[in-house]
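Worksheet for the structure shown next.
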Amino acid sequence: MKMNKFEIEDYTLTDENIEIILLLDGSISKDLTIKRWDFERWLKDNQKLDYCNDYADARSFCGHGQDTGVLSLEEYWQNGKYISTDLYEYTLKNVW
Numbered sequence: 257m258k259m260n261k262f263e264i265e266d267y268t269l270t271d272e273n274i275e276i277i278l279l280l281d282g283s284i285s286k287d288l289t290i291k292r293w294d295f296e297r298w299l300k301d302n303q304k305l306d307y308c309n310d311y312a313d314a315r316s317f318c319g320h321g322q323d324t325g326v327l328s329l330e331e332y333w334q335n336g337k338y339i340s341t342d343l344y345e346y347t348l349k350n351v352w
């Protein structure tokens, strides 16, 4: 089983920064601050704002439908579904 190098314990979003609390080895806390604009640019560059929703649709020929699009940054921050995962990936690739 592959272990994560760290976990995102919590984060705080400000106008200019994202303050992240990392948990190392399950017990050691480390604070990290990244530029919000840099993370948001990374989201766009890596298609993290793109979405695809598949759903059942008895009216269609193949029995399902699909809705695709791009979230605005405001929608991304309000949704909150993938923020910790994206922060982990960004930190691993760009900071760690």
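Numbering (the working numbering), first residue to last: 257 to 352.
Note that CB positions come from ideal geometry on N, CA and C, so glycine has one too.
Per-residue burial, residue i [other beta carbons within 10 Å of its own, 16 or more giving buried]
| i | result |
| --- | --- |
| K291 | exposed |
| M257 | Residue placement at M257 cannot be trusted, given a pLDDT of 46 that sits under 50; the coordinates are not used to answer. |
| T324 | exposed |
| L280 | exposed |
Three-state secondary structure assigned by DSSP to residue i
| i | result |
| --- | --- |
| N273 | strand |
| I262 | Here residue 262 turns out to be Phe, not Ile, going by the sequence shown. F262: strand per DSSP, three-state reduction. |
| N309 | strand |
| M257 | Interpretation of M257 is limited by its pLDDT of 46, a score under 50 that renders its predicted location unreliable; the figure taken from the coordinates is listed afterwards. Three-state DSSP puts M257 in coil, outside helix and strand. |
| Q322 | strand |
Candidates the options: closest to residue i by CA position
| i | options | result |
| --- | --- | --- |
| K261 | G282, E275, Y267 | G282 |
| E330 | L299, T347, Y311, K349 | L299 |
Beta-carbon proximity list for residue i, same chain, < 6 angstroms, skipping 5 on both sides
| i | result |
| --- | --- |
| D313 | H320, G321 |
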